[in-house]
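Those letters in the sequence shown? Residues 0 to 91, per numbering that gives the first Met the number 0, in order.
Structure, as structure tokens:
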Amino acid sequence: MAKIDVTCRLCKSNNTVKAGRHRIKSNPEGVQKYKCQDCGKYFQLEYKAKGRLPETKEKIIDMCNNGSGIRDTARVLKVSTKTVINTIKKSL
Ligand SMILES: [Zn+2]
Numbered sequence: 000m001a002k003i004d005v006t007c008r009l010c011k012s013n014n015t016v017k018a019g020r021h022r023i024k025s026n027p028e029g030v031q032k033y034k035c036q037d038c039g040k041y042f043q044l045e046y047k048a049k050g051r052l053p054e055t056k057e058k059i060i061d062m063c064n065n066g067s068g069i070r071d072t073a074r075v076l077k078v079s080t081k082t083v084i085n086t087i088k089k090s091l
């Protein structure tokens, strides 16, 4: 089996191990999860939900500050209105 170096998203350490799979209804196979041995955080290489990405959150806040409505922001970034509302609430 090929070994892939997985870098921690948070502390950039390569000291990571596989830590089970994250299963959801729409993806019964699950997404491989990793655990960082250095900072102890769990993470995935790919996030299915766009709203969970820090980049998307930044864009939501940017658009909101520029006067875009919740529906406009949701449509442009292809996330749900709920994601937009929750992100804005958390940023306040
Ligand atoms: Zn880490």
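Glycine included, C-beta positions come from ideal geometry on N, C-alpha and C.
Since this is a predicted model, take the numbers as computed values, not measurements.
Practice task
Assuming C38 contacts C7 (C-beta within less than 8 Å), just tell me the rounded distance between them.
Solution key: Position 39 of the sequence shown, counted from the first residue, corresponds to residue 38. Position 8 of the sequence shown, counted from the first residue, corresponds to residue 7. In this structure, C38 and C7 form a Cβ contact; the two beta carbons are roughly 6 Å apart against a cut-off of 8 Å.
Practice task
Leaving out five residues on either side along the sequence, give the residues of the same chain with a beta carbon under 7 Å from the beta carbon of S90.
Solution key: In the sequence shown, the residue the question calls residue 90 occupies position 91. Answer for S90: I60, listed in chain order.
Practice task
Would you identify the three-state DSSP class for C63, choosing helix, strand or coil?
Solution key: Translated into the one-based positions of the sequence shown, residue 63 becomes position 64. Reduced to three states, the DSSP call for C63 is helix.
Exercise for the section: May I ask you to list the residues that DSSP assigns as paired with T15? Expected result: Numbered from its first residue, the sequence shown carries residue 15 at position 16. Looking at the DSSP assignment, T15 forms a beta bridge with C35.
Practice task
Counting only the same chain and skipping the five closest in sequence on each side, list residues whose C-beta sits under 8 Å from that of E45.
Solution key: As a position in the sequence shown, residue 45 is number 46, starting the count at 1. Cβ neighbours of E45 within its own chain (closer than 8 Å, five residues either side excluded): V30.
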